[in-house]
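Here is the structure we will look at, set down as structure tokens.
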Amino acid sequence: MKFTADRLLLFGATGDLAQRMLLPSLCALDADRLVPADLRIIGTARSDHDDASYREFARAALEKYLPDHRKPAIPAFLERLSYQPLDASKLDGFAALAAKVGPVDAGLAIFLSTAPNLFEPTIAGLVASGLAGEKVRIGLEKPLGTDLGSSCHINDAVARAFPEDRIFRIDHYLGKETVQNLLALRFANILFEPLWNAAHIDHVQITVAETVGLEGRAGFYEGAGALRDMVQNHMLQLLALVAMEPPASFDATAVRDEKVKVLRSLRKVEPAETVTGQYRAGAIAAAAVPGYDEELGKPSDTETFVAIKAHIDNWRWQGVPFYLRTGKRLPERVTEIVVQFRSVPHSIFAARGARATPNRLVIGIQPEENISLSLMAKVPGLDREGIRLRSVPLDIAMDDAFAGPTRRIAYERLLLDLIEGDQTLFVRRDEVEAQWTWIDAVRATWTERGLTPKSYTAGSWGPSAAIALAERDGVTWHE
Ligand code: BG6
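As structure tokens, then:
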């Protein structure tokens, strides 16, 4: 049902995500008058704040995380905030929360980011206090389970209170401008689509590299690891956007119908098609950093790096490997998709000594937003000693191409879509389940084979086995 909420209820309102992302995003949207004029934001968490002290808490976060040009907007934004302390494990606090939220007949958007064990009691509290009615939609932040079974359990609990069209599962990668631009590149240009298949593409690489380590998240990360933290959600969503068939329109049903078909077509991986690693002490940007086990304070089998050779079993992608890799404490922060095209079927220049390199499309998602297509060109000259060809890039730097429009961070887009009720950039239940089905099978092969992560030095590109995984096929990771 379409409605624009005039209230936003933020669970986890004192948490890290709220401070770093949610409050700054909402303040930026407010500064640009993009949220409803009468929007009220109610924060809730265990911490004991009243409205005034929560506003001070929010002010400190905004001073820290907002860019300077946004800071004049802080005082007016704080006026929208109020706060209700809540122990979500107990039903009796929800009546006071509902009283604080007030009437929800115009529409309430809930942003729920909570520990997995609080999902069910929170949903029960929302239902009991009248905060789950027809004019209420709910945004769910990960982690939403650790495998298919626990994910279904959470989804079932939410589904008992909210229909799917009012459930907004967040994958913040979908809120990133360049991720959406992938769809524009594929479906607003005639150039690529006729070539976007096994006949013309040799392989695809998706890299999500981070320089950060545990960042004080040991409790969560130790139970997750790179496969569940990054591949299950963000990387499989990127893969689905690269591989899906053209949807009939850019709407929630059409886009998600196509993504889920890809996710269901993922072939079960063989043990030899995955490599896992865990970082040891090393250096990043010339600064020494400790190993994972040292940060954690004990030995562990959790992977901080994973590389996978994935296959999509459908007509379009038969025989085209998708190489995925992600890791913490890698040499640089970079997220990119590389589409490696095949060679020309016959090189007319070969007899004159020239070698043609196959075209390559590199889509940079972060930190730089750019698209680079390598094309072959003739090196200028009289060619007395044969023709020389060289690959030259056709580059689009998004910052230069679009100097005017404000760059918005992912949560600005997602919070606005949650308030206004557009599900296109949120993940549907069947997608999540297809993602977990594939991920669980990967983990099962690790357990069966007793595979444990190989060591890699912080500041390197992961264990050497990850390089071998691609090089066995004559493929070099793009760096
Ligand atoms: C989160 C993961 O989902 O994504 C983190 O839990 C990771 O471990 C983060 O650091 C990366 O997000 P981004 O937007 O910085 O690429």
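Anchor point for the sequence shown: position 144 equals 143 in numbering that gives the first Met the number 0, and the numbering is continuous, going up by one each time.
Backbone N, C-alpha and C define an ideal beta-carbon position, used for all residues, glycine too.
Check                                                                                                                                                             : Outcome
In this structure, does DSSP put T192 in helix, strand or coil?                                                                                                   : This sequence places Glu at residue 192; Thr is not what is there. Looking at E192 - three-state DSSP - the assignment turns out to be helix.
Heavy atom of the ligand BG6 less than 8 angstroms from the Cβ of D228, yes or no?                                                                                : yes
Unbroken alpha helix (DSSP H) runs of length 4 or more, entirely within the stretch 158 to 206: which are they?                                                   : 176 to 186
Report the partner residues of D394 according to the DSSP bridge assignment.                                                                                      : S371
Comparing C-alpha positions only, which one of A271, I137, L143 sits nearest to L107?                                                                             : I137
Three Cβ pairs or more, each shorter than 8 angstroms: is that satisfied between the stretch 376 to 384 and the stretch 69 to 77?                                 : no
Suppose you measure from the CA of A158 to the CA of A396; what does that come to, to the nearest Å?                                                              : 43 angstroms
Runs of 3 residues minimum, wholly inside the stretch 33 to 72: which ones carry the beta strand (DSSP E) assignment?                                             : 39 to 44
Within a Cβ cutoff of 6 angstroms, which residues of the same chain sit near D312, ignoring the five residues on either side of it in sequence?                   : S264, R266
Which residue comes first and which comes last in the alpha helix (DSSP H) that contains G218?                                                                    : 217 to 220
Kindly examine the ligand BG6 and report whether one of its heavy atoms sits closer than 8 angstroms to the Cβ of T206.                                           : no
Please list the terminal residues of the continuous beta strand (DSSP E) segment that includes G276.                                                              : 273 to 279
Using C-beta distances below 8 angstroms, list every residue in its chain close to E294, excluding the 5 sequence neighbours before and after it, in chain order. : G212, L213, A217
Of the choices A30, P35, L372, A12, whose alpha-carbon is the least far from that of A44?                                                                         : A12
For E55, which option in D67, P66, G42 has the closest C-alpha, if you only look at C-alpha atoms?                                                                : G42
Any heavy atom of the ligand BG6 inside 8 angstroms of the beta-carbon of A409?                                                                                   : yes
Answer yes or no: do G174 and A409 have a C-beta to C-beta separation smaller than 9 angstroms?                                                                   : yes
Using DSSP's beta-bridge definition, name the partner residues of R359.                                                                                           : Q339, S373
Apply the 10 Å Cβ neighbour rule to D170 and answer buried if 16 or more other Cβ atoms are within range, or exposed otherwise.                                   : buried
Output yes or no for whether 9 angstroms exceeds the beta carbon distance between P392 and S373.                                                                  : yes
Am I right that I109 and R79 are in contact with their C-beta atoms under 8 angstroms? What's the rounded C-beta distance?                                        : The Cβ separation is near 16 angstroms, so there is no contact.
On a Cα-Cα basis, can you pick out the residue from D86, A225, L96, L16 that is closest to D50?                                                                   : L96
Pick helix, strand or coil for A309, following the three-state DSSP scheme.                                                                                       : strand
The ligand BG6 heavy atoms versus the CB of T177: any closer than 8 angstroms?                                                                                    : no
With the cut-off set at 9 angstroms, would you say F118 and I166 are in Cβ contact?                                                                               : no
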